[in-house]
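Visitor:
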Amino acid sequence: VVLGNKVISHLMLTEPAPLAANQDDSTNDSSLRTLLTLCDLLNRELLVLIGWAKQIPGFSGLSLVDQMSLLQSGWMEALLVGVAWRSQGAPREELVFAGNLRLDEAQCRATGLADLYEALRHLTAKYEAMKLSPEEVVTLKAMALANSDADPVDCPDSVQQFQDGLHEALQDLEATRRDQNRAGRILMSLPLLRQTADRAVQNFLRLHRGRRVALHKLLLEMLDAK
Amino acid sequence: KEKHKILHQLLQNSTSPVDL
Numbered sequence: 023v024v025l026g027n028k029v030i031s032h033l034m035l036t037e038p039a040p041l042a043a044n045q046d047d048s049t050n051d052s053s054l055r056t057l058l059t060l061c062d063l064l065n066r067e068l069l070v071l072i073g074w075a076k077q078i079p080g081f082s083g084l085s086l087v088d089q090m091s092l093l094q095s096g097w098m099e100a101l102l103v104g105v106a107w108r109s110q111g112a113p114r115e116e117l118v119f120a121g122n123l124r125l126d127e128a129q130c131r132a133t134g135l136a137d138l139y140e141a142l143r144h145l146t147a148k149y150e151a152m153k154l155s156p157e158e159v160v161t162l163k164a165m166a167l168a169n170s171d172a173d174p175v176d177c178p179d180s181v182q183q184f185q186d187g188l189h190e191a192l193q194d195l196e197a198t199r200r201d202q203n204r205a206g207r208i209l210m211s212l213p214l215l216r217q218t219a220d221r222a223v224q225n226f227l228r229l230h231r232g233r234r235v236a237l238h239k240l241l242l243e244m245l246d247a248k
Numbered sequence: 007k008e009k010h011k012i013l014h015q016l017l018q019n020s021t022s023p024v025d026l
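These protein sequence lines are chains A and B, in that order.
The numbers in the first sequence follow this note's numbering, run straight up by one, and end at 248.
The numbers in the second sequence follow this note's numbering, run straight up by one, and end at 26.
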C-alpha cells in the first residue's frame with residue numbers, strides 16, 4: 023500500500039469498516055435516546071477495537087496481562103482518533119460518531135456531552151490542520167494504544183519492542199516526505215489525544231452516575247478500568 | 007481478571023459466548 027512498509031500496509035488492510043449507529047427507541051426522551059444510541063455504538067466499537075488490536079503487528083506477542091493493560095488504558099484514545107478523523111470538515115462542526123450519528127454542539131450539550139464536544143472539536147481541528155493521511159491515522163491509532171502508559175507493565179521489553187516497531191513504521195512512512203519534522207509533529211499530537219480521552223471518560227462516567235444511564239457490560243467494564 | 011472478565015475472554019479468543 024505505502025512505501026513498502028509492511029506494518030503500515032497491514033494496518034491499512036486491517037482497519038475496520040466504520041460502524042453504523044442503531045437508533046435506540048426505548049425512551050421518548052430524545053437526549054437520552056441519543057446518549058443510549060451513542061453508548062450502544064461505543065460498546066460495539068470497543069468489540070471491534072479489541073479484535074483490531076490483536077492484528078497490530080507485535081500485539082499478540084505481548085503477555086495477556088500487558089494486552090489487557092494497554093487496552094484498558096488506551097481504548098478511548100484509539101476510538102477518538104477515528105471520531106476526530108471522521109469529523110474533519112463536517113458541516114456545523116458536528117462530531118461524526120458514525121455516518122448516521124452526527125451531533126452538533128447543541129445536541130451534545132442537550133445530551134450532557136458538552137465537555138466531550140469541546141475536547142473533541144479541539145482534537146479534530148488539530149488533525150485537520152495537520153492534514154493527516156489515512157496511513158498516518160492508522161499509525162497514530164496503533165501508537166496511541168502502544169503508548170498508553172499502562173502501569174505496571176508485565177514484560178517491559180516486549181512492550182518496548184512493540185512501541186519501537188510502530189515508531190519505525192512511522193519513521194519509514196515519513197522518510198519520503200520533504201518535511202523532516204512530520205514524525206515529530208505527529209508524536210507531539212499524542213498528549214492532546216490523551217487529554218481528550220481522559221475528558222471523554224470522565225464525561226461518560228459522570229453521565230452514568232448522574233443520570234443513571236445503563237451502560238453495556240463491555241463499555242462499563244472498560245470505563246471502570248479507568 | 008474476574009473484574010475484567012469480558013476483555014479477558016475476548017483476548018483469549020474464548021469460544022464460549024461472551025455476554026456483552
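Where is the CB? At the ideal position from N, CA and C, for every residue including glycine.
All figures in this text were calculated on a predicted structure; none of them were measured in a lab.
(1) Taking its Cβ as the centre, do 16 or more other Cβ atoms sit within 10 Å of Met210 (chain A), making it buried, or is it exposed?
(2) Under 9 Å Cβ-Cβ, which residues of chain B neighbour Met90 (chain A)?
(3) My parser needs the alpha helix (DSSP H) runs of 4 or more residues fully inside the stretch 121–187 of chain A; what are they?
(4) In terms of residue numbering, what span does the alpha helix (DSSP H) encompassing Val70 (chain A) cover?
(5) For Val23 (chain A) and Asp176 (chain A), what's the separation of their Cα atoms in angstroms?
(6) Under 8 Å, CB to CB, which of the residues in the stretch 237–248 of chain A have a partner in chain B?
(7) Below 8 Å, how does it come out for the stretch 192–206 of chain A and the stretch 106–117 of chain A: are there three or more Cβ pairs, yes or no?
(8) Can you tell me the Cβ-Cβ gap for Ile78 (chain A) and Leu93 (chain A), rounded? I've got them flagged as a contact below 8 Å.
(9) Would you identify the three-state DSSP class for Phe81 (chain A), choosing helix, strand or coil?
(10) Is the distance from the Cβ of Met98 (chain A) to the Cβ of Ala222 (chain A) below 8 Å?
Guide: Here's the rundown:
(1) To locate residue 210 (chain A), count along the first sequence from 1; it is residue 188. Result: exposed.
(2) Numbered from its first residue, the first sequence carries residue 90 (chain A) at position 68. The contacting residues are Lys7, His10, Leu13, His14, Leu17.
(3) 127–133, 136–152, 156–168
(4) Mapped onto the first sequence, residue 70 (chain A) falls at position 48. That run of the alpha helix (DSSP H) goes 52–76.
(5) Counting from one through the first sequence, the residue named residue 23 (chain A) turns up at place 1. Counting from one through the first sequence, the residue named residue 176 (chain A) turns up at place 154. Note that Val23 (chain A) has pLDDT 45, beneath the 50 cutoff, so the model's placement of it is unreliable and no number is given.
(6) His238, Lys239, Leu240, Glu243, Met244, Asp246, Ala247
(7) As far as the Cβ criterion goes, the stretch 192–206 of chain A does not touch the stretch 106–117 of chain A, which means the pair count is below three.
(8) The sequence position of residue 78 (chain A) within the first sequence is 56, counting from 1. The sequence position of residue 93 (chain A) within the first sequence is 71, counting from 1. Actually they are not in contact, since the Cβ atoms of Ile78 (chain A) and Leu93 (chain A) sit about 11 Å apart, beyond 8 Å.
(9) Reading the first sequence from its first residue, position 59 is the one you call residue 81 (chain A). Note: Phe81 (chain A) maps to coil in three-state DSSP.
(10) Mapped onto the first sequence, residue 98 (chain A) falls at position 76. Mapped onto the first sequence, residue 222 (chain A) falls at position 200. Their beta carbons are under 8 Å apart, which means Met98 (chain A) touches Ala222 (chain A) by this criterion.
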